[in-house]
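Chains V and U, in that order, give the protein sequences. My numbering applies: residue 12 is where the first sequence begins, and numbers increase by one. My numbering applies: residue 757 is where the second sequence begins, and numbers increase by one. In what follows, a single structure is set out as structure tokens and then discussed.
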Amino acid sequence: MSSLLEVKDLVIKFGLRTGDVTATTGVNFTLEKGQRLGLVGESGAGKSVTGFSIIGLISKPGFVADGHILFHGEDLTNASPSRIREIRGNKISMIFQDPMMTLNPVLTIGTQMTETLLAHNPKMTKKQAMEKCLEKLQKVHIPSPEQRLKQYPHEFSGGMRQRIIIAIALLTDPEIIIADEPTTALDVTIQAEIMDLIIELCETDDMGLILITHDLAVVAQVTENIAVMYAGRVVEKGRTEDVVQNPQHPYTQGLIKALPEGSKGSNRLNQIPGMIPTLTNIPTGCAFHPRCPHVMDVCTKYEPALIKVQGMDTESACVLSSMRETGGKDGK
Amino acid sequence: MGLYPPNGGEIYYKGERIDNLSPKEMLPYRSKMQMVFQDPYASLNPRKTIKQTLEEPLRYHNQSLSNAEVVERIEEVMLQVGSDPKWISRMPHEFSGGQRQRISIARALVVAPEFIVADEPISALDVSIQAQILNLLMDAQEQRNLTYLFVAHDLSVVEHISTNVAVMYLGTVCELAETSLLFGEPKHPYTRALLSAIPRLDGQKVDRVRLTGEVPTPIHLPTGCVFHGRCPYVNKRCIEEIPELMQHIDGRKIACHAVEEDRI
Ligand SMILES: Nc1ncnc2c1ncn2[C@@H]1O[C@H](COP(=O)(O)OP(=O)(O)OP(=O)(O)O)[C@@H](O)[C@H]1O
Ligand code: SF4
Ligand code: SF4
Ligand SMILES: [Mg+2]
């Protein structure tokens, strides 16, 4: 049986006048039916472009240069444009970082929702579309949805607007939702309500979720699995609980200890020295090596692959893990 | 900081009223009080070198300093914020967000202030850089015996850096308490809801206080208690009468009728 979604060695590049720059290389993860996966990393790690490429929305100078995106085993990287259209926004929906990427300020919510539906199902009647919209608004717990359908985006609070965007994403009964920083602009109490809603929806409809965020605590709260990205690579992945409580990759370790909550009451936070590299300046070998406290000679020469850490479900892209593996009794 | 004239109320600095002073009368306070802003990209003048940015406030407040003394002070403060003094002839665009925020902090420190208002100084930075800046702020505080008013929405950062916390909702202080008291046992209904909503690294679900309703806009402020539309303990008095910030038996201050009436 093939997985719901499998991303394999995904390479995304941007064609710039000065030549191609590589935004991601070696993005690897799997999502099963009903599973919730957190894709975390700092600014520029390549989270959003990975999300965009899954729904075939990678914008102009950007393109998928290599790798595979398998949806039920079918490779979307070489699917026909019409096939991509069938899947994008239909079987896989995306909730964007900026709500105004989804909502048109001059149309009522009802118009926008029915138009989305009719675009995907030309045979549907207006009445059927209306019913479906009401059903989805109820599902995201919007009170008095009939009246709400006649209103414009600005008439909603930030939290309500986000619920509507989720309702729109649900219109086509997708199998996967990709949510890119869905609550970053919201008040903490509202953020918690939206996250509860997202979990509830995934559970009732057995939907897969890819939650893109820089906030490890949100990922810990919402997801079962996690993939940590650094400089366009997945450097660690595994069960969220394992990775957050017992991180294996030096970058993940540093990131968690940099948080007040992860520094375990110590007055000083852990500092990761230096900066995130820019795309045109990715270090040789392990991309994290200039900032890594455990750096060795070999780290500057060879890029470590993502491999299973012995005795754990976690995979880490660090020579330390491979040493531990080959040193262990069932090393390969 | 005197950037906005208040519509009402009074501000005291070390017992002296400062909200009604003329710019000239305010001058002696200006060097004692400094500000660090949220956006490290907008807060540095893009056309000035780092040296010019740091030199200007220093000369303004200390007109008797010689050129050599100015350079010495600038180099000293650059070192303290973990930046290379050799960089002072560079322009802001040559620096990353974290480095710019270090320079903003250097600009505040260079006039030897007593008090710094830091408005979300790390929220525009990446997590690994946030830790560098928080450590820097805490070191500077220790070395220079500074007082901070640290404005932030990230509660784990607030808990880490503060000794006292004021929780605000729609422009009103709900609860003002020592940090350990507030995080250990929040009392105001909004503080309770807020703390129970913080996502935690251990993934443990705390018993979330569920709120109803939406956050009103500051243009349509509710009557009575600003929180009444979402509060689980609301009653008639809450809708009619604004609760005052009152001292509680354990020393903290709370603005809530239910707490005052001993209902919760
Ligand atoms: N249109 C573009 N042209 C050139 N480079 C781009 C373009 N879009 C994105 N990139 C680059 O691709 C890299 C990954 O960007 P991406 O938006 O995926 O980051 P992210 O992990 O989502 O970060 P954030 O947390 O800031 O949203 C970045 O270095 C970015 O500068
Ligand atoms: S491969 Fe080397 S530099 Fe990279 S994370 Fe592991 S120890 Fe550090
Ligand atoms: S005053 Fe009333 S409405 Fe306001 S917080 Fe207290 S109980 Fe709730
Ligand atoms: Mg992004």
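The beta carbon of each residue, even a glycine, is placed where N, CA and C say it ideally should be. Fair warning: this is a prediction, and the values are worked out from it, not measured in the lab.
No residue range can be given for Glu192(V), since it is assigned to no beta strand (DSSP E) and is classified by DSSP as neither H nor E. Look at Ala238(V): its C-beta is not under 7 Å from any C-beta on chain U. In the structure shown, Ile878(U) falls within a coil segment according to DSSP collapsed to helix, strand and coil. Shortest Cα-Cα distance from Ala862(U) to any of Met757(U), Pro796(U) and Ala1011(U) involves Pro796(U). If you measure from each CB to the nearest heavy atom of ligand 3, the residues under 5 Å come out as Pro945(U), Cys981(U), Phe983(U), His984(U), Cys987(U), Tyr989(U), Val990(U), Cys994(U), Pro999(U), Cys1012(U), His1013(U) and Ala1014(U). In this structure, DSSP gives Thr127(V) a helical state, which the three-state scheme calls helix. By the criterion of a C-beta distance shorter than 8 Å, Arg773(U) is surrounded in its chain by Glu766 and Ile767, once the five residues flanking it on both sides are discounted. Between ligand 2 and the CB of Pro288(V), the shortest heavy atom gap is not smaller than 6 Å.
Secondary structure note for Gly265(V): its alpha helix (DSSP H) is the uninterrupted segment Pro261 to Lys268. At least 7 Å separates the beta-carbon of Ala196(V) from that of Leu222(V). The way I'd put it, the stretch 928-940 of chain U does touch the stretch 994-1012 of chain U; three or more beta-carbon pairs between them come closer than 8 Å. In the three-state DSSP reduction, Met105(V) falls in the strand class (E or B).
Under DSSP, Lys1009(U) shares a beta bridge with Leu932(U) and Gln1003(U). As DSSP reads the structure, Arg773(U) sits in a beta bridge with Tyr768(U). Bounds of any alpha helix (DSSP H) do not take in Thr36(V); it lies within the beta strand (DSSP E) bounded by Gly30 to Leu42. For Val330(V), the distance from the CB to the nearest heavy atom of ligand 2 is below 6 Å. The Cβ-Cβ distance between Leu881(U) and Ala228(V) does not fall below 7 Å. If you draw a straight line from the Cα of His909(U) to the Cα of Arg172(V), it is about 21 Å long. Your pair Glu17(V) and Leu114(V) does not check out as a contact, with CB atoms roughly 32 Å apart and the cut at 8 Å. Judged by DSSP in its simplified three-state form, Phe82(V) adopts strand.
Met757(U) and Lys268(V) have their C-alpha atoms spaced approximately 35 Å apart. Its chain contains Thr41 and Glu43 as the residues whose beta carbon lies nearer than 6 Å to that of Ser14(V), once the 5 sequence neighbours on both sides are disregarded; these appear in chain order. Following the DSSP letters along the chain, one finds Phe63(V) inside the alpha helix (DSSP H) bounded by residues Lys58 to Ile65.
Around the beta carbon of Thr903(U), a 10 Å sphere encloses fewer than 16 other beta carbons of the protein chains shown; the residue is thus reported as exposed. Non-local C-beta neighbours of Gly243(V) in its own chain, meaning closer than 6 Å and more than five positions away in sequence, comprise Ala34, Thr35, Thr36 and Gly57, ordered along the chain.
No heavy atom of ligand 2 is found nearer than 6 Å to the CB of Val51(V). No Cβ-Cβ contact shorter than 7 Å links Thr234(V) with Leu27(V). Counting along the chain, no beta strand (DSSP E) covers Val914(U); the unbroken alpha helix (DSSP H) around it starts and ends at Leu911 to Ile917. Residue burial is scored here from C-beta neighbours: Arg279(V) has fewer than 16 other C-beta atoms within 10 angstroms and is therefore classed as exposed. Annotation for Gln264(V): Pro258 place their beta carbon closer than 7 Å to its own, counting only its chain and skipping 5 residues before and after. Within chain U, the residues placing a beta-carbon under 8 Å from that of Glu272(V) are Ser912, Arg956 and Leu957, ordered along the chain. Taking a C-beta distance under 7 Å as the contact criterion, Ser799(U) and Val867(U) do not qualify as a contact pair. Screening all residues for a C-beta within a distance smaller than 7 Å of any heavy atom in ligand 4 leaves Lys58(V), Ser59(V), Gln108(V), Asp191(V), Glu192(V) and Ile223(V), in chain order. With contacts defined as CB atoms closer than 7 Å, Pro315(V) and Cys297(V) qualify as a contacting pair. If you draw a straight line from the Cα of Val246(V) to the Cα of Phe25(V), it comes to about 21 Å. Only those residues of the stretch 874-906 of chain U whose C-beta falls short of 8 Å from the nearest C-beta of chain V are listed: Asp882, Val883, Ser884, Ile885, Gln886, Ala887, Gln888, Leu890, Asn891 and Met894.
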